[in-house]
Structure formats: C-alpha cells, structure tokens
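Colleague: Next up is a structure, given as structure tokens.
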C-alpha cells in the first residue's frame with residue numbers, strides 16, 4: 004500500500020501519490036480543492052482517478068511523517 | 126320644300142329654290158384649263174350644308190368649323206305645307222348657335238320637331254331601339270356621295286347597317302317596320318346568348334360540354350369555405366403588438382430551456398457529490414492503522430506523529446471533506462430549487478402569452494383573412510349569378526333561333542299580305558325605270574335568303590356601268606318619294622348631288638330630268654339636282670334632237686350659278 008509492489012505501480016502507491024500531493028501544495032489548499040487538483044493532474048497524465056479514501060490515506064501518510072499539517076480547514080506544507 | 130339658303134358670309138351664293146324641278150348649275154370655264162375640275166364649286170358642300178343645318182350632333186371636324194367659315198351664320202328656309210320654318214345656325218369655337226324662327230333652340234328639339242312634321246315620327250317611336258330615325262330617313266332624300274350614298278339604292282351610306290335600311294325602308298314604303306326592329310333585337314339577344322355560350326365553352330368544360338354540375342359543386346364548396354372564413358373573421362380579436370408578444374413568448378421558452386439544462390447539470394453534480402460522500406464514508410480507520418505500521422517499517426526515523434495524532438488528523442480531514450461536500454450538495458440543491466420556482470413562474474407567464482396569442486390575431490393576419498374571404502365571396506356571387514344563366518343559355522339559343530326564323534317568316538308574310546304598298550312599289554319602280562330605259566326594271570321585295578330579314582332588290586335594263594347603278598338609285602329614290610308621300614312620311618323635297626348622273630348617258634339624263642319634272646308636277650314635290658354645265662349642254666342637245674315637247678331645261682336652272690372661277694363656288698372662299 005505505501006510502497007510500490009509487483010502489483011501496485013509507483014503512480015498508484017501512496018508514496019508516489021504523496022509526491023504529487025506535496026508538489027500540488029505550493030500554497031495551502033482546502034481538502035476538496037487539493038483532491039480536485041490531484042484528480043485533474045492525474046487525468047492530464049492519463050492516469051486513473053483515485054478514490055477519496057485512498058487520497059485520505061496519502062494525506063495521513065504525509066501528516067505522520069510531518070510533511071503537512073491541517074489548520075483551520077486548510078492543508079499546509081510543513082515548511083511553509 | 127326648301128325655299129332659300131343663305132349665309133352671313135359675304136361671298137356666299139344665296140340660293141333660292143322654286144317648287145318642282147330645280148337645277149343647280151356648276152359652270153366650267155375655259156380658263157380653268159383641261160386639268161381643271163369643278164371640284165370646289167360647292168355642289169357637294171350644298172348637300173353638307175343642308176345636313177349641317179338640321180344636324181343634332183356637333184361635329185367640330187366639319188367644313189363649317191373650318192377657320193374660313195367658323196362664326197358665320199347659315200340660314201335655310203323650309204316651307205312645310207304653307208308654314209315657313211327658318212333655321213339659322215352658326216358654328217362656333219366652343220358651341221354652335223341654333224335659331225329656329227328667330228328663337229334659340231336646342232338641336233335635339235329642332236330634330237324632334239322635324240321628325241314629326243317631315244316623317245311623322247313621334248318621340249315614342251324615336252326613343253325605341255332600332256326604330257326609324259330622322260337622320261337615316263333624311264339621308265335617303267339627301268344622299269351624301271362622301272358616305273357612299275349612291276352606291277346602292279337601298280343603302281343611304283355604305284356604312285348603314287342592314288337592319289337600319291330595313292327599318293327605314295319598311296317605314297317609308299308602308300310595311301311593318303316593327304318586324305325588322307324586333308328581328309334585330311332578337312339577333313342581339315342571340316348574339317349575347319352565343320357569346321355567353323362560348324364563354325362557357327372556354328370555362329367550365331367537360332369533354333366540350335357545359336358542366337353545370339361542376340359549377341354547382343364549386344359553388345357549394347365555396348359556400349362552406351365562406352362560412353368558415355366568416356366565422357374566423359368575426360371571432361378574430363386583433364391584438365396590439367402581436368409580434369412583440371410573439372417575440373417575448375419565444376424568449377420565455379428559451380429561458381426555460383436554459384434553466385432546465387442548468388438543473389440537469391446540477392442534478393448530475395449532486396449525484397457526483399453523493400458518490401463522493403460515500404467514498405468519504407468508505408475510508409476505514411483500520412486502513413490508517415496498517416498504513417501507520419508500514420510507515421514505521423519503511424521510514425522509522427521519519428515518523429513524527431503518534432498513531433492517535435494521525436487518527437485524529439484523519440478524522441478532521443475526513444470531516445472537513447464531508448462538510449465541504451455537503452455544503453456543495455446543498456448549494457446545488459438550492460440552485461435547482463430556485464431554478465424550479467423560476468421555471469414555474471416563467472411557465473405561467475408563457476402560458477398566459479400563448480393563451481393571448483391563441484385568442485387573437487395580428488392585424489395583418491386579419492386583413493389577410495378578410496381579403497381571402499372577399500375573394501371567395503366574389504367567386505361565389507359570380508357563380509350564383511352565372512349558374513341560372515348557363516342553365517338557360519342552351520335553351521335560349523334554341524328559342525332565339527326559332528324566334529328569328531319566325532320573324533323572318535313574318536316579314537315575308539307582312540310583305541305578301543300588304544299587297545297594296547308592295548304592288549304600288551313594284552309598279553312605280555317599273556314605270557320609272559321604263560321611262561329611262563324602255564324596258565321595265567324590277568323591284569323584288571321579299572324575305573332574304575338567310576336571316577337578314579327584309580330583302581329589297583332592284584334591277585334595271587341597260588348596260589352594266591356606274592351610270593346604270595346611279596339610275597337605279599334615281600328610280601328607287603323617286604319610288605321612295607312617291608310611297609313616302611302617300612304614307613305622309615315625306616319631307617317635301619328630294620335632293621341629288623351631280624354624282625347621280627356620273628357615267629350616265631346624256632339621253633338618260635335628259636329622260637331622267639323630264640321624268641323628274643313630271644313627277645314633281647304630278648306629286649307636288651320639290652326636286653333639287655346639281656349638274657355640271659357640260660353635262661347640261663349635252664342633255665340640251667339630246668332634248669333638242671329627240672323631244673318635240675316644250676320641256677326646256679333653262680326654265681329650271683337656278684339664277685345663282687356656281688363656277689370653278691376663284692370666288693365662284695358656293696362659299697366663295699377656298700378652304
């Protein structure tokens with residue numbers, strides 16, 4: 004789930020998507036906006052869209068390693 | 126009789142006439158040369174002048190409206206069995222002035238007076254169609270060469286209609302003139318029926334036959350169409366600004382359509398959000414635990430949060446997403462609701478507009494309806510009028526043909542049964558012609574071969590020449606004088622232009638003049654004849670050689686003579 008495996012490609016593994024999400028958080032965004040932007044770049048890259056519960060695990064992962072925080076309804080990168 | 130002809134024109138040669146034979150002489154002068162003719166002496170103008178003085182209609186083109194004669198008074202004195210009638214007429218630019226016995230009268234009144242005194246025609250007769258008329262009767266006693274009056278004895282001019290000749294001659298000779306009159310009326314009717322019939326044939330036709338059924342069917346169809354149209358017109362309510370109502374109804378329809386489309390989009394959105402909400406609910410907290418364990422395995426040094434913290438974060442984010450989605454959902458649903466109520470409102474006003482548009486018409490539409498209705502009504506009325514006519518036309522044609530045939534038979538019977546005038550006419554003509562040519566000429570009165578009606582034919586002995594033809598006219602005219610006198614339908618005079626003797630041998634002219642003199646004495650009538658001087662000389666030579674009686678032409682030549690010298694003509698002026 005976290006790491007790519009024989010059956011899960013990098014672009015679908017949480018760590019892979021996490022990289023995309025961090026890249027999208029160039030400024031703080033609401034959860035829905037961030038989810039929307041992610042779906043959009045995946046569509047542009049001709050990747051399948053992902054379910055929200057999978058996205059939520061990606062954000063959970065980023066939080067657990069201290070990469071993002073959630074404040075007053077918006078997600079922020081830690082170093083911002 | 127004619128007593129005197131004069132004019133206010135100083136150069137005019139006043140002519141005075143006597144009872145009986147009068148010869149108006151036109152002299153030819155040596156100085157006029159071989160090519161000189163006597164044209165311009167005024168013999169013909171003399172005839173024209175007599176017609177002008179009693180004419181009813183004003184003809185601005187005649188000689189008397191010519192610049193050299195206009196505004197000059199011309200005068201004639203007639204004697205009607207002892208009472209004198211003076212007619213003075215002045216041709217003017219704008220109107221002619223007519224004085225009778227010094228009183229100004231209308232030409233039409235003079236004419237009705239002369240109709241009565243000369244021809245015994247009262248207004249009851251002259252007002253009828255195809256009755257004997259003054260002008261036509263007078264033109265037999267004063268024939269005009271210009272109109273071809275000497276071409277055929279029975280015609281007073283080449284343009285005289287056969288019916289006119291028949292009516293006039295029947296009247297003068299004492300036959301029933303009502304028969305040719307009636308015949309002509311029937312012929313008119315027949316002509317109308319024939320015209321109608323040919324109209325039918327070019328119109329409502331089925332295999333060359335008149336199709337009344339077709340016409341009736343069309344009329345019936347029109348009848349119901351007209352009723353529908355009439356109802357439409359009567360119920361039509363004209364709406365002011367119909368066009369703008371129409372436009373706003375279209376705009377409303379477009380708005381409603383746009384809103385419905387927007388609602389469909391929003392309903393799709395709601396469905397999507399509901400699915401997303403399900404996805405949020407699907408996120409299981411157990412997955413968070415297994416993720417946390419994996420992070421601890423792969424990045425043991427990077428884990429900065431305790432599991433409880435991650436779990437709390439998970440719930441917060443999930444809730445945030447849920448709240449957001451729900452808000453979106455609510456917004457979309459609100460928009461749909463708002464639009465629905467707006468659509469309902471628009472639909473109400475649209476249906477009002479549509480009801481209004483349905484209830485009435487635009488003014489242009491009404492006038493279109495009206496004109497369609499008019500068109501139908503005209504055709505209908507036309508048919509209603511024509512159908513009965515067409516039903517009868519075939520019958521009418523047959524009836525009229527029968528009636529025309531009957532009338533021609535009646536004309537024949539009339540002539541046969543009135544043996545006295547018929548025999549008298551035949552006898553007079555025979556005697557008159559015999560006096561000129563030794564052999565008696567023939568006058569044949571009877572029915573025509575076809576449906577022309579009364580036929581009067583003349584034939585006299587002698588060679589086939591213009592002269593013989595003129596002598597037929599001469600004999601016929603004297604027959605008319607005698608018969609008309611008997612029937613009290615004679616003006617008292619007969620006037621002949623010199624053309625009556627054109628191409629006639631001097632011997633026959635001499636005989637004709639002697640005969641005329643005898644007839645004048647016998648009947649107490651006046652005969653005025655114009656002659657050329659060279660004809661006269663030849664005639665006198667004939668008379669000196671052949672006749673031993675004391676008939677001397679010099680006794681009858683008018684004092685006033687016309688000549689072809691300048692100023693020698695009747696008017697003394699050239700024009």
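Chains as they are written, first to last, in my numbering: chain A, 4 to 83; chain B, 126 to 700.
Note that beta-carbon positions come from the ideal geometry of N, C-alpha and C, so glycine has one too.
Should residue 535 of chain B and residue 294 of chain B be called a contact, given that it needs their Cβ atoms to be closer than 7 Å?
Modeller: For the purposes of this step, residue 535 of chain B is taken as residue 410 along the second chain, with counting starting at 1. For the purposes of this step, residue 294 of chain B is taken as residue 169 along the second chain, with counting starting at 1. No, these two residues do not count as a Cβ contact at 7 Å.
Colleague: Once DSSP output is grouped into helix, strand and coil, what is the label at residue 421 of chain B?
Modeller: Here residue 421 of chain B refers to the residue found at position 296 of the second chain. The answer is helix: DSSP assigns residue 421 of chain B an H, G or I state.
Colleague: Within 10 angstroms of its Cβ, does residue 160 of chain B collect 16 or more other Cβ (buried), or is it exposed?
Modeller: Against the second chain, residue 160 of chain B aligns to sequence position 35. Unreliable placement is indicated for residue 160 of chain B, whose pLDDT of 46 sits below 50; the coordinate value is still reported in the next sentence. Looking at its Cβ environment, which holds fewer than 16 other Cβ atoms inside 10 Å, residue 160 of chain B is exposed.
Colleague: By Cβ distance below 7 Å, which residues in the same chain neighbour residue 276 of chain B in space, the five residues on each side in sequence not counted?
Modeller: Taking the first residue of the second chain as 1, we reach residue 276 of chain B at position 151. Same-chain partners within the cutoff: 283.
Colleague: For residue 456 of chain B, would you say it is in contact with chain A, using Cβ-to-Cβ distances shorter than 7 Å as the test?
Modeller: On the second chain, residue 456 of chain B is found 331 positions in, with the first residue counted as 1. No, because no Cβ of chain A sits closer than 7 Å to the Cβ of residue 456 of chain B.
Colleague: So with CB distances below 8 Å, who are the chain B contacts of residue 33 of chain A?
Modeller: The count along the first chain starts at 1 and reaches residue 33 of chain A at position 30. In chain order: 445 and 449.
Colleague: Could you spell out the range, first to last residue, of the alpha helix (DSSP H) harbouring residue 42 of chain A?
Modeller: Within the first chain, numbered from 1, the residue matching residue 42 of chain A stands at position 39. Run containing residue 42 of chain A: 34-47, per the alpha helix (DSSP H) assignment.
Colleague: On the criterion of 16 or more Cβ atoms from any shown chain inside 10 Å, does residue 426 of chain B qualify as buried, or is it exposed?
Modeller: Within the second chain, the letter at position 301 stands for residue 426 of chain B. Residue 426 of chain B should be labelled exposed.
Colleague: What does a CB cutoff of less than 6 Å around residue 224 of chain B pick up in its chain, not counting 5 residues either side in sequence?
Modeller: The residue you call residue 224 of chain B lines up with position 99 of the second chain. Excluding positions up to five away in sequence, the list reads 213.
Colleague: For residue 642 of chain B, which residues in the same chain have their Cβ closer than 6 Å to its Cβ, ignoring the five residues on either side in sequence?
Modeller: The residue you call residue 642 of chain B lines up with position 517 of the second chain. 146, listed in sequence order.
Colleague: Give the secondary structure of residue 637 of chain B by DSSP, where H, G and I count as helix, E and B as strand, and everything else as coil.
Modeller: Residue mapping note: residue 637 of chain B aligns to position 512 of the second chain, counting from 1. Residue 637 of chain B: helix per DSSP, three-state reduction.
Colleague: Where residue 242 of chain B and residue 616 of chain B are concerned, what is the direct C-alpha to C-alpha distance, given to the nearest angstrom?
Modeller: Taking the second chain and counting its residues from 1, one reaches residue 242 of chain B at position 117. Taking the second chain and counting its residues from 1, one reaches residue 616 of chain B at position 491. Each residue's Cα considered, the two are about 8 Å apart.
Colleague: Give the range of the alpha helix (DSSP H) segment to which residue 356 of chain B is assigned.
Modeller: As a position in the second chain, residue 356 of chain B is number 231, starting the count at 1. Per DSSP, residue 356 of chain B belongs to the alpha helix (DSSP H) from 337-360.
Colleague: Do you know offhand how far residue 542 of chain B's Cα is from residue 565 of chain B's?
Modeller: Start at 1 with the first residue of the second chain, and residue 542 of chain B comes out as number 417. Start at 1 with the first residue of the second chain, and residue 565 of chain B comes out as number 440. Looking at the two C-alpha atoms, the distance is approximately 24 Å.
Colleague: Any Cβ of chain A within less than 7 Å of the Cβ of residue 404 of chain B?
Modeller: Start at 1 with the first residue of the second chain, and residue 404 of chain B comes out as number 279. Interface residue, yes.
Colleague: If you reduce the DSSP assignment to three classes, tell me which class residue 601 of chain B lands in.
Modeller: Against the second chain, residue 601 of chain B aligns to sequence position 476. If DSSP states are grouped into helix, strand and coil, residue 601 of chain B belongs with the helices.
Colleague: If you count every other CB in all the chains shown that lies within 10 Å of the CB of residue 278 of chain B, and 16 or more means buried, which is it?
Modeller: Within the second chain, the letter at position 153 stands for residue 278 of chain B. Looking at its Cβ environment, which holds 16 or more other Cβ atoms inside 10 Å, residue 278 of chain B is buried.
Colleague: With 7 Å set as the bound, which would you pick, yes or no: does the beta-carbon of residue 10 of chain A sit closer than that to a beta-carbon of chain B?
Modeller: Residue numbering aside, residue 10 of chain A sits at position 7 when the first chain is read from its first letter. Taking Cβ atoms only, chain B never reaches closer than 7 Å to residue 10 of chain A, which makes this a no.
Colleague: Looking only at its chain, what residues have a beta carbon closer than 7 Å to the beta carbon of residue 87 of chain B, apart from the 5 residues adjacent to it on each side?
Modeller: As displayed, chain B neither begins before 126 nor continues past 700, which places residue 87 of chain B out of reach and without an answer.
Colleague: Are the CB atoms of residue 532 of chain B and residue 308 of chain B nearer to each other than 7 Å?
Modeller: Position 407 of the second chain, counted from the first residue, corresponds to residue 532 of chain B. Position 183 of the second chain, counted from the first residue, corresponds to residue 308 of chain B. The answer is yes: Cβ separation under 7 Å.
Colleague: Can you confirm whether residue 67 of chain A, when its beta carbon is compared against all beta carbons of chain B, has any partner nearer than 7 Å?
Modeller: The residue given as residue 67 of chain A occupies position 64 in the first chain. At least one chain B Cβ lies under 7 Å of residue 67 of chain A.
Colleague: With burial defined as no fewer than 16 other Cβ atoms inside 10 Å of the residue's Cβ, what is the status of residue 69 of chain A: buried or exposed?
Modeller: In the first chain, the residue the question calls residue 69 of chain A occupies position 66. Flag for residue 69 of chain A reads exposed.
Colleague: Label residue 185 of chain B either buried or exposed according to how many other C-beta atoms from any shown protein chain fall within 10 Å of its C-beta, with 16 as the threshold for buried.
Modeller: Position 60 of the second chain, counted from the first residue, corresponds to residue 185 of chain B. Residue 185 of chain B comes out exposed.
Colleague: Would you mind reading off the limits of the beta strand (DSSP E) that contains residue 517 of chain B?
Modeller: Looking up residue 517 of chain B in the second chain gives position 392. Where residue 517 of chain B is concerned, there is no enclosing beta strand (DSSP E), although the alpha helix (DSSP H) it sits in stretches over 488-542.
Colleague: Verify whether the separation of the beta carbon atoms of residue 443 of chain B and residue 403 of chain B is less than 7 Å.
Modeller: The sequence position of residue 443 of chain B within the second chain is 318, counting from 1. The sequence position of residue 403 of chain B within the second chain is 278, counting from 1. Not a contact, by the Cβ cut-off of 7 Å.
Colleague: Residue 693 of chain B: buried (16+ other C-beta within 10 angstroms of its C-beta) or exposed?
Modeller: Mapped onto the second chain, residue 693 of chain B falls at position 568. It is buried - the Cβ of residue 693 of chain B has at least 16 other Cβ atoms within 10 Å.
Colleague: Can you tell which of A:35, A:55 and A:78 has its C-alpha closest to the C-alpha of residue 65 of chain A?
Modeller: For this step, residue 65 of chain A is matched to residue 62 along the first chain. Minimum Cα distance to residue 65 of chain A is reached at A:78.
Colleague: With a 10 Å radius around its C-beta and 16 neighbouring C-beta atoms as the bar for buried, classify residue 158 of chain B as buried or exposed.
Modeller: Position 33 of the second chain, counted from the first residue, corresponds to residue 158 of chain B. Residue confidence is low: residue 158 of chain B scores 47 on pLDDT, short of 50, so the model does not pin down where it sits. Its coordinate-derived value is still stated next. By the neighbour-count rule (16 or more Cβ atoms within 10 Å), residue 158 of chain B is not buried but exposed.
Colleague: Tell me, please, whether the CB atom of residue 54 of chain A is closer than 7 Å to any CB atom in chain B?
Modeller: Taking the first chain and counting its residues from 1, one reaches residue 54 of chain A at position 51. Yes - at least one Cβ of chain B is within 7 Å of the one on residue 54 of chain A.
Colleague: Determine the chain B residues that contact residue 59 of chain A at a beta-carbon separation under 7 Å, and present them in chain order.
Modeller: For the purposes of this step, residue 59 of chain A is taken as residue 56 along the first chain, with counting starting at 1. Here the neighbours are 408, 439, 442 and 443.
Colleague: Comparing the C-beta of residue 79 of chain A with each C-beta of chain B, is any distance below 7 Å?
Modeller: In the first chain, residue 79 of chain A corresponds to position 76, counting from 1. No, no contact with chain B.
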